């Protein structure tokens, strides 16, 4: 439980809340229809992709900038962060998404906001879920590969790679499911508009896709040589995973500092 006593832990949790709020605000805002005619899919894809790239660049060193409960769950499955941190991250992401959607709803004229870019699916049931699985699978694989600290010779921008991967998912998925890929993004407009029709698809699909990506990367494509005991220690917060901030040492009492001087 050392994490809850660490200021870096709470900075990371707040960063996830703030980043998801910004992501949803700009992403949904770019997805609204301000004129007649079909929605510009390229505009939506670029908006979400650029928002993700910007947030990874700005906050990646603070929290990892997951900005997505599915991504956080995948890192949890791979034992790359503790269960406590994952739980706080996911709650912060969902609340941040709702906050971003609420601000956008309040700023947008009623004639424009409509359903607030609510995810809807042209495919139903298993078909929509399968699409969401594939969309999230490729995105989380990109996340794992670009964040892998073992790649000392990696080239290019981590932020841009993640942004491009997210844009790719939108360019394909917008026609099928609206390209959820992120339960917090899908939940936010559903909560504001109180429309949860087929909403389960946008949780089950991304979570399954992210889980498959995490298992595929960490156990098949680029295995991490860890024993069960080490993985359990990381999940319990007893051991620091790679890329996770270590506990900050307690500050010395003022009287001891004075004596030392």
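In the working numbering, the protein residues as written are 1 to 261.
By construction, the Cβ of each residue, glycine as well, lies at the ideal position given by its N, Cα and C atoms.
Given the structure is predicted, the values throughout are model-derived calculations rather than measurements.
The Cβ atoms of residue 213 and residue 144 lie closer than 8 angstroms to each other.
Residue 125 sits away from residue 17, with the two beta carbons spaced by 8 angstroms or more. Only residues of its own chain outside the window of five on either side were considered, and among them 167 have a CB closer than 7 angstroms to the CB of residue 46, listed in chain order. For residue 222, there is no enclosing alpha helix (DSSP H), since its DSSP letter is neither H nor E. At a Cβ-Cβ threshold of 8 angstroms, residue 86 and residue 162 do not count as neighbours. Between residue 100 and residue 25, the C-beta spacing is below 8 angstroms.
Counting along the chain, the unbroken alpha helix (DSSP H) around residue 231 starts and ends at 228-236. By the Cβ-count criterion, residue 227 is exposed, with fewer than 16 other Cβ atoms from all chains shown falling within 10 Å of its own Cβ. In its chain, beyond the 5 residues on either side, 44 and 117 have a beta carbon closer than 6 angstroms to the beta carbon of residue 31.
Residue 89: member of the alpha helix (DSSP H) spanning 83-107, first to last residue.
By the Cβ-count criterion, residue 181 is buried, with 16 or more other Cβ atoms from all chains shown falling within 10 Å of its own Cβ.
For the set 6, 15 and 189, the Cα lying nearest the Cα of residue 105 is the one of 189. For residue 23, the enclosing alpha helix (DSSP H) has its first and last residue at 7-30.
Residues 140, 143 and 210 of the same chain have their beta carbon placed closer than 7 angstroms to that of residue 71, with the five preceding and five following residues left out of the count.
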